[in-house]
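Asks: I'd like to ask some things about the structure below.
Protein chains: 2
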Amino acid sequence: MDSISVSEVTVIGRTHLGFMHSFRQPFSGVPMSPKFCSSRVEGPRAISSSDTNTKSQFAYGERIAATSSDSGYKINGVNLKSRTLISSVKEGLLLDANDDAYGGVIVDPEKLPSLMMFCGFLQEGFEYHHAEKGYVMLTYWIPEEEPSMLPANASHQVGVGGFVLNQHKEVLVVQEKYCAPSITGLWKLPTGFINESEEIFSGAVREVKEETGVDTEFLEVIAFRHAHNVAFEKSDLFFICMLRPLSDKIIIDSLEIKAAKWMPLVEFVEQPMIREDKMFQRVIEICEARLSHRYCGLSPHQLVSTFDGKPSSLYYNVVDDDHDPSNSNCNTDFL
Amino acid sequence: MDSISVSEVTVIGRTHLGFMHSFRQPFSGVPMSPKFCSSRVEGPRAISSSDTNTKSQFAYGERIAATSSDSGYKINGVNLKSRTLISSVKEGLLLDANDDAYGGVIVDPEKLPSLMMFCGFLQEGFEYHHAEKGYVMLTYWIPEEEPSMLPANASHQVGVGGFVLNQHKEVLVVQEKYCAPSITGLWKLPTGFINESEEIFSGAVREVKEETGVDTEFLEVIAFRHAHNVAFEKSDLFFICMLRPLSDKIIIDSLEIKAAKWMPLVEFVEQPMIREDKMFQRVIEICEARLSHRYCGLSPHQLVSTFDGKPSSLYYNVVDDDHDPSNSNCNTDFL
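Chains as they are written, first to last, in our numbering: chain V, 37 to 371; chain C, 37 to 371.
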């Protein structure tokens with residue numbers, strides 16, 4: 037990135053009824069109900085996300101907003117696809133823009149003034165919403181009498197840990213290269229963050245493979261941990277996954293891992309750090325209960341919901357449709 | 037925020053061994069192993085997070101980095117507390133800074149040049165990492181021969197849905213004010229995002245209370261859904277929660293909700309949109325199985341792990357320690 041420009045800035049605003057009426061009517065009979073709208077202004081990606089080319093011009097200096105037709109992701113009750121531009125800052129200047137599919141606008145980044153406009157938005161009271169490689173989003177909520185209804189920035193990181201046990205009741209463990217002095221020398225389960233848009237089940241298999249070289253098959257999420265104020269004050273969801281080993285040869289990732297091995301489960305549990313850790317104790321009890329069919333974890337099922345048409349994974353455990361209690365635990369044998 | 041300044045900018049870099057040695061030795065015998073370090077430079081909050089006042093000066097124009105003692109959050113295998121400053125951009129200029137607890141530095145924002153330095157970082161090849169109200173973080177990964185090991189930005193939003201059934205086998209449902217035309221008129225479960233640092237179990241209770249006015253008690257997460265490219269291209273984790281009603285009077289949130297009511301479960305399931313939705317069908321089967329003890333969801337247990345000392349919630353279902361299969365489903369009666 038050579039310099040920051042408004043082509044890297046996104047502006048979100050709640051539609052302003054006063055302007056909306058006079059402004060929207062000529063274009064479309066959009067309902068007058070107030071609602072959240074947003075527009076990313078960041079060059080090709082957003083431009084191409086606009087699927088209409090109706091040219092329109094925006095006198096900016098006034099706050100002008102395009103409302104939105106209801107659409108988009110609904111399962112969490114927030115409309116995340118509708119778009120608008122609140123143009124602010126300098127008087128009199130004109131912005132070229134194209135209407136988008138949601139009654140919003142996509143501004144041609146070529147036509148935007150650069151650095152000063154970015155600062156102008158901040159001076160006007162816009163706030164950072166979020167940033168990713170290549171752009172930063174600014175937001176402004178117009179109605180003073182109402183709390184902001186803009187959807188929040190991503191709030192969580194998602195981690196996975198792999199519990200891999202072989203036929204000899206040995207668990208796959210690693211020693212990390214960079215760890216708190218307090219846990220130096222501890223043999224622990226392979227763990228890591230899942231990648232962008234990665235599934236929990238494939239992320240767990242990948243992390244185990246990367247750190248230890250061992251191929252595995254995903255079985256179940258047996259528990260998950262929710263903690264707060266972790267990375268950059270964000271929250272953390274950590275999924276403990278049971279995996280079945282498909283190979284046993286260990287090849288460690290020397291960047292992150294100091295050592296890896298197959299360790300007898302009894303020995304693993306006997307480590308002082310583990311013995312003194314209530315959470316870890318519980319996790320191991322759960323794994324052992326699962327191995328002897330006294331516990332049932334959640335397995336992923338690929339389902340598309342017509343609510344948003346998105347292919348997704350629904351994690352749940354077996355449903356016993358025969359009313360047979362002996363059926364009510366997972367029957368898959370893990371050993 | 038009146039203007040953007042480096043007091044709102046954070047710079048992260050991987051320690052540069054060449055400089056690290058000559059630079060760090062005078063201060064502490066930090067191991068020479070390369071590792072991830074970071075430092076937020078954003079005024080009072082970060083300044084006060086520094087717990088040492090050793091003054092030091094940085095000739096900037098060179099890339100200077102402080103390495104880190106291992107510490108901090110380990111469960112996902114990334115050290116998120118260690119800090120460093122890569123100072124870059126202008127030649128010759130000096131920055132006042134204080135060492136922090138992790139071998140990094142906190143720069144006095146009062147002493148920083150503002151806007152041009154921000155742009156300077158971008159011109160130097162720094163990239164946006166993430167932004168929150170009040171600051172934007174820039175990162176730079178020095179080693180060209182190695183992939184970046186900086187932890188990623190938060191990747192997920194977390195939503196909750198509340199399945200609330202009363203003694204008359206009526207489920208608590210709402211109609212949303214702003215929804216896709218395709219689901220207009222649909223009676224659905226109350227849903228929403230959890231707030232920053234909020235628990236799933238309290239978020240579900242809050243959302244139901246906000247949307248419908250009904251008080252509930254959290255029982256179990258019975259399933260969760262993982263979907264991708266949802267809000268701002270982030271992923272979404274949606275937890276379906278069973279709640280027990282503690283009151284029945286309905287008072288709707290007129291901002292988000294058009295209507296709410298207690299609807300006979302049979303009627304709810306008979307809605308065409310629900311009948312045609314495989315995922316929703318499955319979720320309702322699970323809820324019904326749970327009600328008749330043929331299914332077991334996950335309930336939260338407050339546990340502190342010595343790995344990071346964080347109080348957190350571990351979600352798991354009952355472990356039958358008596359090897360009694362009839363014990364292996366959750367025994368709590370929900371009706």
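Heads up, the beta-carbon is just placed ideally off N, CA and C, and yes, glycines get one too.
Flag M309 (chain C) as yes if its beta-carbon sits less than 9 Å from any beta-carbon of chain V, otherwise no.
Replies: The residue you call residue 309 (chain C) lines up with position 273 of the second sequence. True, the Cβ-Cβ gap to chain V drops below 9 Å.
Asks: When Cβ atoms are compared, which residues of the stretch 332 to 344 of chain V fall closer than 9 Å to chain C?
Replies: C332, G333, L334, P336, H337, L339, V340, S341, T342, F343, D344
Asks: Threshold first: 4 residues or longer. Then list the alpha helix (DSSP H) segments lying entirely within the stretch 300 to 334 of chain C, N to C.
Replies: 301 to 306, 308 to 311, 314 to 327
Asks: Does the distance from the C-beta atom of K294 (chain C) to that of E212 (chain C) stay below 9 Å?
Replies: The count along the second sequence starts at 1 and reaches residue 294 (chain C) at position 258. The count along the second sequence starts at 1 and reaches residue 212 (chain C) at position 176. Contact flag set, yes.
Asks: Does A263 (chain C) get closer than 9 Å to chain V when you measure Cβ to Cβ?
Replies: Looking up residue 263 (chain C) in the second sequence gives position 227. Judged by the 9 Å Cβ criterion, A263 (chain C) is in contact with chain V.
Asks: On a Cα-Cα basis, can you pick out the residue from C:H192, C:H264, C:C277 that is closest to E243 (chain C)?
Replies: Here the question's residue 243 (chain C) lines up with position 207 in the second sequence. The option with the nearest alpha carbon to E243 (chain C) is C:C277.
Asks: Are there 16 or more other CB atoms within 10 angstroms of the CB of K285 (chain V), so buried, or fewer, so exposed?
Replies: Start at 1 with the first residue of the first sequence, and residue 285 (chain V) comes out as number 249. Under this definition K285 (chain V) is an exposed residue.
Asks: Are the C-beta of M299 (chain C) and some C-beta of chain V separated by less than 9 Å?
Replies: Here residue 299 (chain C) refers to the residue found at position 263 of the second sequence. So, not an interface residue.
Asks: Is there contact here, the stretch 295 to 307 of chain C with the stretch 196 to 206 of chain C, by at least three beta-carbon pairs under 8 Å?
Replies: Yes: the two stretches touch, three or more of their Cβ pairs being nearer than 8 Å.
Asks: Since N353 (chain C) and Y331 (chain V) are thought to touch, with beta carbons under 8 Å apart, how far apart are those beta carbons, to the nearest angstrom?
Replies: Residue 353 (chain C) sits at position 317 when you count from the first residue of the second sequence. Residue 331 (chain V) sits at position 295 when you count from the first residue of the first sequence. Confirmed, about 7 Å.
Asks: Per DSSP, which one or two residues make a beta bridge with K297 (chain V)?
Replies: Sequence index remark: in the first sequence, residue 297 (chain V) carries index 261 (1-based). Bridge partners of K297 (chain V): V:V209.
Asks: What separation, rounded to the nearest whole angstrom, lies between the Cα atoms of E321 (chain V) and V257 (chain V)?
Replies: As a working note, residue 321 (chain V) is residue 285 in the first sequence. As a working note, residue 257 (chain V) is residue 221 in the first sequence. Annotation: E321 (chain V) to V257 (chain V) spans about 14 Å, alpha carbon to alpha carbon.
Asks: For L282 (chain C), does the count of other Cβ atoms within 10 angstroms reach 16, so buried, or fall short, so exposed?
Replies: Counting from one through the second sequence, the residue named residue 282 (chain C) turns up at place 246. Per the 10 Å Cβ criterion, exposed.
Asks: As a quick exercise: from C:L291, C:V210, C:N189, pick the residue whose alpha carbon is nearest that of G221 (chain C).
Replies: As a first step, residue 221 (chain C) is located in the second sequence; it is residue number 185 there, counting from the start. Checking every option, the nearest Cα to that of G221 (chain C) belongs to C:V210.
Asks: S123 (chain V) CB to nearest chain C CB: under 9 Å?
Replies: Position 87 of the first sequence, counted from the start, is the residue given in the question as residue 123 (chain V). Below a pLDDT of 50, predicted positions are generally treated as unreliable, and S123 (chain V), at 34, falls in that range; no measurement from the model is reported.
Asks: In the stretch 276 to 292 of chain C, which residues sit with their C-beta less than 8 Å from some C-beta in chain B, listed in chain order?
Replies: Of the protein chains in this structure, namely V and C, none is chain B.
Asks: For the beta strand (DSSP E) containing E253 (chain V), name the first residue and the last one.
Replies: On the first sequence, residue 253 (chain V) is found 217 positions in, with the first residue counted as 1. Per DSSP, the continuous beta strand (DSSP E) segment holding E253 (chain V) begins and ends at 252 to 263.
Asks: What are the boundary residues of the beta strand (DSSP E) that T227 (chain V) is part of?
Replies: Start at 1 with the first residue of the first sequence, and residue 227 (chain V) comes out as number 191. Unbroken beta strand (DSSP E) run through T227 (chain V): 227 to 229.
Asks: Taking the alpha-carbon of G333 (chain V) as reference, which of V:F229, V:D251, V:F260 has the nearest alpha-carbon?
Replies: As a working note, residue 333 (chain V) is residue 297 in the first sequence. Checking every option, the nearest Cα to that of G333 (chain V) belongs to V:F260.
Asks: Buried or exposed, going by whether 16 or more other CB atoms sit within 10 Å of the CB of P336 (chain C)?
Replies: As a working mapping, residue 336 (chain C) is identified with position 300 in the second sequence. With 16 or more other Cβ atoms within 10 Å, it is buried.
Asks: Can you pull the chain C neighbours of L350 (chain V), defined as C-beta to C-beta under 7 Å?
Replies: Within the first sequence, residue 350 (chain V) is the residue found at index 314, counting from 1. Under the 7 Å cutoff, chain C gives A259, R261, M315, R318.
Asks: Just to make sure I have the definition right: I need the residues of chain V whose C-beta is within less than 7 Å of the C-beta of K169 (chain C). Which are they?
Replies: Locating residue 169 (chain C) in the second sequence gives position 133, counting from the first residue. Here the neighbours are E163, Y164.
Asks: Taking 9 Å as the cut-off, decide whether the C-beta atoms of Q193 (chain C) and A190 (chain V) are in contact.
Replies: The residue labelled residue 193 (chain C) in the question sits at position 157 within the second sequence. The residue labelled residue 190 (chain V) in the question sits at position 154 within the first sequence. Yes, the Cβ-Cβ distance between Q193 (chain C) and A190 (chain V) is below 9 Å.
Asks: Are V196 (chain C) and F275 (chain C) closer than 9 Å when you measure CB to CB?
Replies: Residue mapping note: residue 196 (chain C) aligns to position 160 of the second sequence, counting from 1. Residue mapping note: residue 275 (chain C) aligns to position 239 of the second sequence, counting from 1. A distance below 9 Å separates the beta carbons of V196 (chain C) and F275 (chain C).
Asks: Rounded to the nearest angstrom, what separates W223 (chain C) and A188 (chain V) at their Cα positions?
Replies: Here the question's residue 223 (chain C) lines up with position 187 in the second sequence. Here the question's residue 188 (chain V) lines up with position 152 in the first sequence. CA-to-CA, the gap between W223 (chain C) and A188 (chain V) works out to about 25 Å.
Asks: Output yes if chain C places a C-beta closer than 9 Å to the C-beta of E78 (chain V); else output no.
Replies: Here residue 78 (chain V) refers to the residue found at position 42 when the first sequence is read from its first residue. Bear in mind that the predicted position of E78 (chain V) carries a pLDDT of just 30, short of 50, making it too unreliable to give a figure here.
Asks: How would you list, in chain order, the residues of chain C whose beta-carbon sits under 8 Å from the beta-carbon of V172 (chain V)?
Replies: Along the first sequence, one-based indexing puts residue 172 (chain V) at 136. Simply Y164, A167, V172.
Asks: DSSP has M185 (chain V) in a bridge; who is on the other side?
Replies: The residue given as residue 185 (chain V) occupies position 149 in the first sequence. DSSP lists no bridge partner for M185 (chain V).
Asks: If I'm right that A167 (chain C) touches V266 (chain V) with Cβ under 8 Å, what's the distance once you round it to whole angstroms?
Replies: Here the question's residue 167 (chain C) lines up with position 131 in the second sequence. Here the question's residue 266 (chain V) lines up with position 230 in the first sequence. A167 (chain C) to V266 (chain V), Cβ: 18 Å. No contact.
Asks: With DSSP as the reference, please indicate the residues paired to Q193 (chain C) in a beta bridge.
Replies: Position 157 of the second sequence holds residue 193 (chain C). Beta-bridge pairing links Q193 (chain C) to C:D272.
Asks: Under a three-way DSSP split, which group does V266 (chain V) fall into?
Replies: To locate residue 266 (chain V), count along the first sequence from 1; it is residue 230. Correct three-state label for V266 (chain V): coil.
Asks: Rank V:A263, V:E292, V:S233, V:K270 by C-alpha distance to the C-alpha of F268 (chain C) and give the top, closest one.
Replies: Counting from one through the second sequence, the residue named residue 268 (chain C) turns up at place 232. Selected option, being the one with the closest Cα: V:S233.
Asks: Could you check if E247 (chain V) is buried or exposed, using at least 16 other CB atoms within 10 Å of its CB as the buried criterion?
Replies: Within the first sequence, numbered from 1, the residue matching residue 247 (chain V) stands at position 211. The residue in question, E247 (chain V), is buried, as its Cβ has 16 or more Cβ neighbours within 10 Å.
Asks: Taking only beta-carbon positions, decide if H192 (chain C) is within less than 9 Å of chain V.
Replies: The sequence position of residue 192 (chain C) within the second sequence is 156, counting from 1. By this cut-off, H192 (chain C) is an interface position.
Asks: Provide the residue span of the alpha helix (DSSP H) that contains A240 (chain V), from first to last.
Replies: Taking the first sequence and counting its residues from 1, one reaches residue 240 (chain V) at position 204. Per DSSP, A240 (chain V) belongs to the alpha helix (DSSP H) from 236 to 248.
Asks: Among V:H329, V:L291, V:S341, V:R311, which residue has its Cα nearest to the Cα of E181 (chain C)?
Replies: Within the second sequence, the letter at position 145 stands for residue 181 (chain C). Of the listed residues, the one whose Cα sits closest to E181 (chain C) is V:L291.
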